[in-house]
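Numbering (our numbering), first residue to last: -4 to 74.
Following: one structure in structure tokens, then a few remarks.
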Amino acid sequence: MWGCSPVGERQKILYLADRGTRSYIKFSGQRISAKLATTEAEQRWTFGANAIVLTQDGFADYVERGSVKARFKCAELNR
């Protein structure tokens, strides 16, 4: 599980859960089922035409229909 804040802010508003076939994102209190794909360079949670792409440096981009709309700084939460 990852907790993410908009770049330059401290409050976590986005959560990324790696739960296999039950993976999801949680944004503004809303839980959204997502398909998780993992490569050596990134993890990608896809939901509809949108995705959250988390890179190894801990930054995540919100991609809406192919365009980056927001960037977050993420940290892995204790399990």
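The beta-carbon is built from N, C-alpha and C at its ideal position, and this holds for glycine as well.
Query                                                                         : Result
C-beta atoms of G53 and K64 nearer than 8 Å                                   : no
Alpha-carbon to alpha-carbon, T50 and V2                                      : 14 Å
Check whether L11 and W40 have beta carbons under 8 Å apart                   : yes
Helix, strand or coil at T16 according to DSSP, with G and I counted as helix : helix
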